[in-house]
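Keeping their order, the protein sequence lines are chains U and A.
If you count by the numbering used here, then the first sequence holds residues 33 to 316, one letter each, in order.
If you count by the numbering used here, then the second sequence holds residues 30 to 355, one letter each, in order.
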Amino acid sequence: MRDKVSSPAREFWERFTTNRFATAGLVVIAVLFLLSLAAAAVTPYSPDTIDAWHVLLPPSTAHWFGTDELGRDVFTRVVYGARVSLKVGFVAVGIAVVVGTVVGLFAGFYGGWIDSVLMRIVDIMLCFPTFFLILAVIAMLEPSIWYIMVIIGLTGWMGVARLVRAEVLSLKSRDFILAARVLGASDLRIIFRHVLPNALSPVLVSATLGVAGAILTESALSFLGIGVQPPTPSWGNILTSGKDYIEFAWWLSLFPGLAILVTVLSYNLVGEGIRDALDPRRRG
Amino acid sequence: MANYLIKRILMLIPLLLGITLITFTVIHLAPGEPVEMQTAMSPKVSAQSRARLREFYGLDKPLHVQYGKWLGNLSRLDFGRSFAPDNRPVLDKIKERIPITISLNVIALILEFGLALPIGILAAVHRDTLLDRAISVFVFVGFAVPTFWLALLCMYFFGVKLSWLPISGIHSLGSEQLPFFGRVLDLGKHLVLPIAIATFGSLAGLSRYMRSTMIEVLSQDYITTARAKGVKERVVIYRHALKNALLPVITLLGFSLPALIGGSVIFETIFSIPGMGQLFYQGVMARDYPLVMGILVIGACLTLIGNLLADLSYALADPRIRHGKG
């Protein structure tokens with residue numbers, strides 16, 4: 033009986049799963065999560081045991097992705113590196129979404145000078161080449177994955193703020209908001225209880241795409257040597273040694289890069305899938 | 030139009046102030062001081078000389094005083110002196126690095142638009158065909174490829190394996206001896222990979238955007254009218270639809286600037302190109318505050334100018350704004 037009930041969530045899920053690419057993306061992300069959680073069970077090696085006898089070995093059955101300059105198993109390091117990327121993606125985007133949503137809600141709901149001030153801040157923040165800003169702050173701080181997540185989040189909320197604001201502006205004059213106001217609901221109640229839930233769907237899309245962007249940024253930072261610090265493996269810092277040994281050990285560069293590519297691709301596909309499923313008119 | 034222009038230019042003032050304020054706050058909120066960086070290495074430096082250094086750089090004053098002084102200097106285009114051992118004016122250091130970064134980015138931008146727009150139009154016109162799907166796959170992969178990784182692979186493949194192209198710097202050793210054409214060819218060879226990679230990095234987003242605006246325009250009533258009138262499909266697409274589909278793309282021109290400039294850190298570092306990105310990276314690593322702040326401000330101002338130019342061309346291109354109240 034339950035199967036017959038049609039809810040918006042179920043309809044959404046049905047539309048999402050008819051998109052093969054998006055479903056594949058979701059599966060890949062799920063597998064990555066499982067792999068990174070069960071890393072110790074997936075691989076017989078430890079990510080930072082140095083083995084001077086097996087340095088820079090090409091891929092083989094014993095070492096699927098070969099070994100690095102210290103004899104560590106690259107497959108193991110890539111699997112453990114997934115933890116960093118997945119964590120960074122979620123926390124950074126979480127911060128960006130919360131800040132962006134709050135700014136967008138208040139700017140759109142109150143309008144007037146609050147809106148002007150908040151939106152000028154957005155304009156100013158958008159002027160900075162984001163990567164410069166992130167680099168400047170990160171390099172001044174002690175290297176830590178938490179700082180990286182916070183900084184990526186705090187430099188990435190502007191798009192969400194604009195989206196939410198636009199959504200609020202179009203919702204504000206609707207009857208159900210007026211009804212809530214007539215019933216005596218406070219501003220905060222109207223904002224968080226009535227406006228927010230209706231403004232969330234575009235945010236979901238932009239958040240999913242944002243996760244992909246955050247993963248790319250973290251890997252670039254780690255690649256430049258100011259992100260996740262060795263010996264903790266991250267896809268970006270494995271590529272740093274990949275660069276140093278590129279003439280002798282292509283596998284050190286190929287596999288972590290592929291991991292980034294596949295992960296980012298999956299998030300993008302899921303994001304597009306959510307967008308199409310939320311708004312069937314946009315399909316195609 | 031004149032009113033519009035004046036309004037836009039007046040709007041720049043608060044934005045410029047905001048840029049300097051954020052730059053200053055970001056750099057000064059971070060713990061650690063350049064003086065520590067300079068003195069931490071040598072235990073011989075006494076507390077007294079450390080204090081003298083702080084005083085010399087004005088770091089002992091309250092923050093708002095420091096900001097006021099810095100802003101005052103900025104308004105006279107004085108960006109201060111670099112903390113690096115050469116102690117040169119920041120502006121000079123940036124000036125000699127800007128041309129290479131700007132020219133690289135402008136070439137990449139031209140290539141990006143020259144390639145992405147036809148790709149997007151092609152995909153929109155042949156919507157849901159095999160061609161469109163193939164382009165989509167290319168676009169999605171393009172979105173997901175980390176540029177620095179692509180740079181690595183290209184360096185390996187074209188530089189090491191095939192040794193077709195040099196993989197670092199912008200001149201070969203001894204290229205000054207070459208005749209003019211030889212030098213240009215040498216420079217060109219060095220820039221092929223960085224430019225190709227910078228272009229590729231931004232190709233995906235733009236062509237995707239072009240595709241969706243084109244599809245939207247093609248579904249408008251006036252396109253149906255044109256088709257019903259019996260206008261040739263080619264004319265419908267390239268005359269009637271394209272004009273309107275290109276309008277929103279102009280705004281994107283301004284937006285792609287910060288991404289390109291930001292991206293220059295990565296490929297200038299990888300390919301050892303002596304541009305602004307590399308200078309910034311070096312400055313950041315050495316905690317060269319005046320240099321870092323200078324580049325942040327100039328980078329943001331370049332974006333501001335880019336946005337302004339994009340908005341103005343939009344206004345010029347869109348008759349509704351051109352003839353409107355503005």
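Backbone N, C-alpha and C fix where the C-beta goes; we use that ideal spot for every residue, glycine too.
query, result
"Cross-chain neighbours of A:Tyr185 in chain U, by beta carbon under 8 Å", "Ile278, Glu279, Trp282, Ser285"
"Buried versus exposed call for A:Tyr251 [16 or more other C-beta atoms within 10 Å across all chains shown]", "exposed"
"Terminal residues of the alpha helix (DSSP H) in which U:Met172 lies", "162-172"
"Residue nearest to A:Ile327 in terms of C-alpha spacing, selected from A:Leu39, A:Leu34, A:Lys36, A:Leu45", "A:Leu45"
"Residue-level contact to chain C via CB, U:Phe122, 8 Å cutoff", "The chain inventory of the structure shown lacks chain C, comprising the protein chains U and A."
"Top-ranked residue by Cα proximity to U:Ser205, from U:Ser78, U:Val196, U:Val227", "U:Val227"
"Exposure label - A:Ile42; buried when at least 16 CB within 10 Å", "exposed"
"Limits of the alpha helix (DSSP H) - the one that A:Ser96 falls within", "Per the sequence presented here, residue 96 of chain A reads as Tyr, with Ser not at that position. 92-104 is the span of the alpha helix (DSSP H), which, as asked, contains A:Tyr96."
"Where U:Ser39 falls: helix, strand or coil (DSSP)", "coil"
"A:Pro287, buried or exposed, once every other Cβ within 10 Å from all chains shown has been counted against 16", "buried"
"Neighbour-count burial assignment, U:Ala309, 16 or more Cβ in a 10 Å radius", "buried"
"Chain A contact for U:Leu165 (CB, 8 Å cutoff)", "yes"
"Where A:Met239 meets chain U, residues with beta-carbon distance less than 8 Å", "Near A:Met239 there are no residues of chain U at all, since even the closest Cβ is about 15 Å away, more than 8 Å."
"Residue nearest to U:Val182 in terms of C-alpha spacing, selected from U:Ile127, U:Ala291, U:Phe53, U:Asp276", "U:Ile127"
"Below-8 Å beta-carbon distance, U:Ile292 vs any chain A residue", "yes"
"Meets three-Cβ-pair contact criterion under 8 Å: the segment 158-173 of chain U and the segment 279-298 of chain A", "yes"
"C-beta contact flag for A:Leu182 and U:Ser285 at 8 Å", "yes"
"C-beta neighbour in chain A for U:Lys119, strict 8 Å", "no"
"Distance CB(U:Gly113)-CB(U:Pro288) smaller than 8 Å", "yes"
"Inter-residue CB distance, U:Ile278 and A:Tyr185 (contact presumed, cutoff 8 Å)", "5 Å"
"Min CB distance A:Met314 to chain U below 8 Å", "yes"
"Interface residues of chain U facing A:Thr298 [CB-CB closer than 8 Å]", "Leu256"
"In DSSP terms, what U:Thr99 is bridged to", "U:Asp105"
"U:Tyr358 to A:Asp107 span [Cα, whole Å]", "Since the first residue of chain U shown is 33 and the last is 316, residue 358 of chain U is not available in this structure."
"Helix, strand or coil at A:Gly355 [DSSP, three-state]", "Per-residue confidence for A:Gly355 stands at a pLDDT of 42, beneath the threshold of 50, marking its modelled position as unreliable; the derived number appears in the next sentence. Here A:Gly355 sits in coil by DSSP."
"Cβ-based burial, A:Gly101 [other Cβ within 10 Å; buried from 16]", "exposed"
"A:Arg110 - partner residues in DSSP beta bridges", "A:Pro118"
"Segment contact, 8 Å Cβ cut-off, at least three pairs: the segment 115-126 of chain U with the segment 242-250 of chain U", "yes"
"Backbone secondary structure at U:Thr55 - three-state DSSP", "helix"
"Contact belief for A:Pro118 with A:Arg110 at Cβ below 8 Å, rounded distance in angstroms", "6 Å"
"Selection from U:Val302, U:Trp85, U:Ile156, U:Phe122 that minimises the alpha carbon distance to U:Gly103", "U:Trp85"
"Between the CA atoms of A:Leu39 and A:Ala344 - distance to the nearest angstrom", "17 Å"
"Environment of U:Asp105 [buried if 16+ CB atoms lie within 10 Å]", "buried"
"For A:Phe177 and A:Ile299, believed in contact at Cβ under 8 Å, the rounded distance", "6 Å"
"Any 3 or more C-beta pairs closer than 8 Å across the segment 229-243 of chain A and the segment 152-171 of chain A", "yes"
"Proximal residues to A:Ile196 (C-beta, below 6 Å), its chain only, five neighbours per side dropped", "Met184, Gly188"
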